[in-house]
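Going down the list, the sequences are from chains F and C. Count along the first sequence starting at 1, add 122, and that's the number in this note's numbering. Count along the second sequence starting at 1, add 122, and that's the number in this note's numbering. Glycine is no exception: its CB is placed at the ideal position from the N, C-alpha and C atoms. Computed from a predicted structure; not experimentally measured. Working notes, structure below.
There are 2 protein chains.
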Amino acid sequence: MAKKENETGGGRAQAVHRVLKRAILDQALSPGSKLPEDSIGERLGVSRTLVREALVRLSEEGLVELRPNRGAVVARPTLEEGRNLFLTRMALERLVVETLSGKLTQEQIGILSSHIEAEEAAKKERAQSIRLAGEFHTLLAQMTNNASLIRYVNELVARSSLILALYGRPHSSECAVSEHQELLDKLIAGKTDEAAALMAHHLDSVTTRALLPTDGDRNIKEVLSAYAVAEGLA
Amino acid sequence: MAKKENETGGGRAQAVHRVLKRAILDQALSPGSKLPEDSIGERLGVSRTLVREALVRLSEEGLVELRPNRGAVVARPTLEEGRNLFLTRMALERLVVETLSGKLTQEQIGILSSHIEAEEAAKKERAQSIRLAGEFHTLLAQMTNNASLIRYVNELVARSSLILALYGRPHSSECAVSEHQELLDKLIAGKTDEAAALMAHHLDSVTTRALLPTDGDRNIKEVLSAYAVAEGLA
DNA sequence: TCTCTTCGAATTGCATACAAAACGGCGACA
DNA sequence: TGTCGCCGTTTTGTATGCAATTCGAAGAGA
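Okay, structure coming up:
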């Protein structure tokens, strides 16, 4: 058979990792939430060992903070870390743009276009909207075929949503959709500098929307139940 | 007491991580070497659990490859991955240079100068020389105070030494020392563009020294013994 | 009422045990 | 002689158990 019978691919540790990451990015687990090994393991039907491995991975990605002897929490980047992160992100996404400008295939253009449509369509759903906006950037990175670049952009985009969760205004990501379209146009036209400038502006405008809310925490087991089924866990 | 009695800081898992990382960067463990959990644990006096954690960390950093059910090996980046890696590195180190240009404090200049002296002095020792050359770049990154930038540059520099180990000419890193001095001069003078260009050239020249050797593997326990004592392990 | 101490419960750190998978050698068969 | 498949050995995957640490609440002393 061409495909493994395991529906989600990868081992169970990876599945746990994906569940938690997804939950964090959707802001179902907000920055600062505690991530106790045994509650998570219990809910997901795996032992602490696997949860631990997932947490280590997530901490390497900067999504969770591992406090020795005191457990893991969803990372709470400071505002300054946020600013620095966007600086770094800019340096890398500039490379993405330079690599891609004028070189997009018809297929890639199609993918990006329909993604932008999806973003349009999901404007209302806050969590969805945030995730899709991020995915546009990771999609671009993906197309460079540069493994390290892809990985770092992915990480930075993920962390960005933490920053936004902490310091962003409620509707901050929505206005970005049209900017994505513009950027795509410049990329297709091969106008590298304009595209880079646009990307810079795009990221910059995201950063300069500061300080706002965070709603309360929910019970972790409850929150995870939705994600668990999607990964075929317990 | 101000300091913990633990000489190396951090938990034992981190110590294992540092031992392996150091051994890899020194090319005492060359790309492709197998990293069996129990041999390592036995030699270092810890259980497989901790070794596993270290290996997961290293794989996140791209230094080891984790093959499901088949064990871990020191990563063997392809030549193309290498090229891409240096592209990414360039994008980030450009940001480092831009951030630092004209802003180095007297103290920082001192640190960098004496580091360059140390590089001069260590020209003969291949392993030392490679490590110091890398450290110059991580030192620069460190001075930006940008956490994500620091982390990525560190990772990329580390991986670069794998690339060099696989595809570099024997004496490739030595000529770099003078370039480091030049770069420092430009940075002090605040000549941002020239510094950036120099950095670009510097990294580019490293990449365009291609394809060569790798000597045989040694016994892993034997190799680790030196590193073990440095971390206070068994 | 406030602070400090003490003790129990909850949680992490780490080792170990056992199951499952991959590797390697030997022999059957062609 | 060469190849295939079987089985013991080795190594990884995962759960679990116990010790150590932290957290929190109840109580003593001021």
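Taking C-beta atoms as the reference points, L142(F) and L180(F) count as a pair closer than 9 Å. The Cβ atoms of E242(F) and V168(F) do not sit closer than 9 Å to each other.
Contact of P190(F) with chain C by beta-carbon distance below 7 Å involves G133. Contact between E220(C) and A311(C) fails: their C-beta atoms lie close to 14 Å from each other, not under 8 Å.
DSSP places R192(F) in the coil class of the three-state scheme, outside both helix and strand.
Judged by DSSP secondary structure, V328(F) falls within the alpha helix (DSSP H) whose first and last residues are T314 to T329. Contact check for L288(C) against R198(C) passes: the beta carbons are separated by less than 9 Å. The CB of A269(C) comes closer than 7 Å to the CB of E203 and N206 in chain F, given here in chain order. Counting along the chain, the unbroken alpha helix (DSSP H) around S282(F) starts and ends at A269 to Y289.
Distance check between I231(C) and each of L217(C), I252(C), F258(C) and A244(C) places F258(C) closest, using alpha-carbon atoms only. Contact check between the segment 180–193 of chain C and the segment 143–163 of chain C: three or more CB pairs, one atom from each, fall below 8 Å, which counts as touching. In this structure, DSSP gives E187(C) an extended state, which the three-state scheme calls strand.
Those residues of the segment 149–179 of chain C placed with their C-beta closer than 9 Å to a C-beta in chain F are T171, R174, E175, V178 and R179, ordered along the chain. Close to Y274(F), with beta-carbon spacing below 8 Å, are these residues of chain C in chain order: T210 and Y274. E353(F) and R140(F) do touch by the CB rule: their CB atoms are close to 6 Å apart, below 8 Å. Counting along the chain, the unbroken alpha helix (DSSP H) around A255(F) starts and ends at R248 to Q264. If one requires a minimum length of 3 residues, the beta strand (DSSP E) runs lying completely within the segment 145–224 of chain F are 186–189 and 193–196, in chain order. Between the alpha carbons of Y349(F) and R248(C) lies a gap of roughly 51 Å.
Chain-ordered, the chain F residues with CB closer than 7 Å to the CB of R216(C) read A213. K308(C): member of the alpha helix (DSSP H) spanning A298 to A311, first to last residue.
For A244(C), there is no enclosing alpha helix (DSSP H), as DSSP gives it neither H nor E. Residue state for L234(F) is assigned as helix, using DSSP reduced to three classes. For a Cβ distance threshold of 8 Å, residue set S270 of chain F lies close to L278(C), ordered along the chain.
Just so you know, the alpha carbons of D160(C) and R170(C) end up roughly 6 Å apart.
Selection H302(C), L151(C), A150(C) and V138(C) evaluated against E175(C) yields V138(C) as nearest (Cα-Cα). Around the C-beta of T200(F), fewer than 16 other C-beta atoms lie within 10 Å, and the residue is accordingly described as exposed.
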